[in-house]
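With the sequence shown counted from 1, adding 527 to any position gets you the numbering used here.
Below is one structure, written out as structure tokens, with a few remarks after it.
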Amino acid sequence: MNTKTENRKNRIIDIDGPIGRPDNLSQEAHKVLSYDNFKKELRKVLETRPDKITLNIRSNGGDIHEALLIFEELEQLKQQGIQITTCCYGYAASAATLVAQAASPGCRLIAPSAMYLIHNSTTALEGNALDARHTLQLLSQTDQKMAEIYAMHAKREPKHYADIMARNSGKGQWLSAQEALEEGLADAILPSRLATLRRKVTDTLRGLFLRNPPLPERAMAAPNIAGTSTRPPVPQSEETAIPLADPDFSPQPSCTKPVEDPAILPPGMFGLNPNTLSRNASAYAEDAARMRLDC
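Right, dumping it as structure tokens:
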């Protein structure tokens, strides 16, 4: 079990491996989570006065007795006003699902690829018939208690979960994240890492291209009926954009020089001294004389 700090008000506890009492001779005894070890780590966490504790659960289960003690410890923290969030990853089975049920309302989360298993309790029997009868009674009471815990957050009867636990000869049934959600064993499915990354990229791009917040929509103007507009009048200005001309000024026609019309020749032009004619008239007289000679 490892503890981490997300921020000063939120502490994270990782529950990896089996739940139970570790065997000191086992090489993997350090991976077993017991109630005593959990309480020691929890005491360190509470010294920071967190508002929220998140438990990441990756466990195939283990000892129901140890799991119930951890469950009751988390229930007491909720009564003290601390929000408990449980997140199930990978295989969350057996006794580990009881720890997952200790979350605050709406805070039982499960990864989209996780698998969830609830089943009847099991034990090893040794002794006579009276011992077997006592053990059978204890197993039945334990199954009933687990069904009541599963039904605590969901608005269903404990018998519904007792029936699921009794499937496959009491070995239960593996449930997908969606099935666990539908059965009321989880409150929400965690977003996948790919979806989270896609959302972060989308938010970043949106922030780059939409730096300015959108303008509020303008209210639609009321129609002007029968000239009863409530709009304020446009202020009039005494100044104009283009200065006016002098009112005493009157336009006069411009002076032009007379232009010779080449189609008009002075009378008596034929036979006159070419020097007395204009250039156009002289050219016209020469053309006329040449035409007469050709005839």
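The beta carbon of each residue, even a glycine, is placed where N, CA and C say it ideally should be.
Given the structure is predicted, the values throughout are model-derived calculations rather than measurements.
Distance from the CA atom of G544 to the CA atom of Y618, rounded to whole angstroms, is 10 Å. Around the Cβ of T649, a 10 Å sphere holds fewer than 16 other Cβ atoms; the residue is exposed.
Membership of R570 in the alpha helix (DSSP H) is indicated by the continuous run Y562 to L573. The alpha carbon of G711 has as its nearest neighbour, out of Q606, N537, I676 and E568, the alpha carbon of I676. Under the three-state reduction of DSSP, I716 is assigned to strand. DSSP, reduced to helix, strand and coil, places Q705 within a helical segment of the structure shown.
Counting of Cβ neighbours within 10 angstroms places S621 among the buried residues, the total reaching 16 or more.
Around the Cβ of Q705, a 10 Å sphere holds fewer than 16 other Cβ atoms; the residue is exposed. Residue state for A630 is assigned as coil, using DSSP reduced to three classes.
The beta carbons of Y643 and L596 sit about 22 Å from each other, so the pair does not count as a contact at 8 Å.
Its chain contains A620, S621, A622 and A623 as the residues whose beta carbon lies nearer than 6 Å to that of G588, once the 5 sequence neighbours on both sides are disregarded; these appear in chain order. Linking D578 to G608 through their CA atoms gives a straight-line distance of about 8 Å. In the structure shown, the three-state DSSP call for Q700 is strand.
Taking one beta carbon from each stretch, the region 690-702 and the region 644-664 have 3 or more pairs nearer than 8 Å; the two touch. The continuous beta strand (DSSP E) containing L582 extends over residues K579 to S586.
At a cut-off of 3 residues, the continuous stretches assigned as beta strand (DSSP E) that sit fully inside the region 614-696 are 635-637 and 642-645. The beta-bridge partner set that DSSP reports for T731 is empty. Taking every protein chain shown into account, the CB of V728 has fewer than 16 other CB atoms within 10 angstroms, so this residue is exposed.
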